[in-house]
Amino acid sequence: MKTILSKVFLVAISLCFLCSPSWSFDSTCSRPTDLSCEYYSRCVENYLACGADGYSIGYGKRYCQRFLDTSYSTYQGDLWRDETLLCLQRELSLFVFFSPYEIKSCSTIKKYAYETHANCYVRPNRGRPELSICYLSPLDVKLTTQNLRAVDVLRWNGLKQMAQVAKLCLELLNNGKASLSSVSVEDQKDFWKSMFTAP
């Protein structure tokens, strides 16, 4: 009986190796530190190919490049952009490379990635609370939204993200966190209320 169980165990282990993606681990994929949009194709897409319409290429890499090509009106805006892009990549790495019990598929990667967006926009770096979309000038927020395609904004995921960001910003501003931009906290609250109630 032990011999049969041993053989079954060995066959099961062998099948696991055969079924796993043919992907060699790149240590820079596990904890992105370089501000590069190639992460999405070199790491995530290479791990699980979802094609041009998948999250990695069709959304992550595309928007990463759009944001990286944007010059914000303030230094704070540029810093926020850089920290946010890294936050999105690091959060995605936690799921793709460090969640062994989660099923990885094109749809689960997309779902997980979308769920991280709002927090990365609002708190991209816990050690630097001043870097938040909530504290950006209205012009920098406008530059951010101009990067978005209408087709992505008007989808359920896009509308949900906008509502989450506005809600988190209102909570942050209502908790008395000081604004670090030239815009008053009250003006920022009014701005985010208008975003939250926008049709």
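In the working numbering, the protein residues as written are 7 to 205.
Don't be surprised by glycine CBs; every beta carbon is placed ideally from N, CA and C.
Computed from a prediction, not measured in an experiment: that's the story for all the values here.
Less than 8 Å between the beta carbons of residue i and residue j, yes or no?
i	j	result
glutamate 89	proline 130	yes
leucine 41	leucine 94	no
serine 33	valine 50	no
tyrosine 78	aspartate 146	yes
threonine 122	leucine 98	yes
tyrosine 120	glutamine 82	no
From what residue to what residue does the alpha helix (DSSP H) around residue i run?
i	result
cysteine 70	68 to 74
valine 50	Premise fails: valine 50 is in no alpha helix (DSSP H) and is neither H nor E.
arginine 87	81 to 104
aspartate 146	144 to 152
threonine 206	The chain is shown from 7 up to 205; residue 206 falls before or after that span and cannot be answered.
DSSP three-state label for residue i, please.
i	result
asparagine 131	coil
serine 113	helix
serine 62	helix
leucine 174	helix
leucine 137	coil
Go ahead and label residue i buried or exposed: buried means 16 or more other beta carbons lie within 10 angstroms of its beta carbon, across all protein chains shown.
i	result
tyrosine 127	buried
serine 4	Examination of residue 4 is not possible in this model, given that the chain is present from 7 through 205 alone.
glutamine 152	exposed
serine 113	exposed
arginine 87	buried
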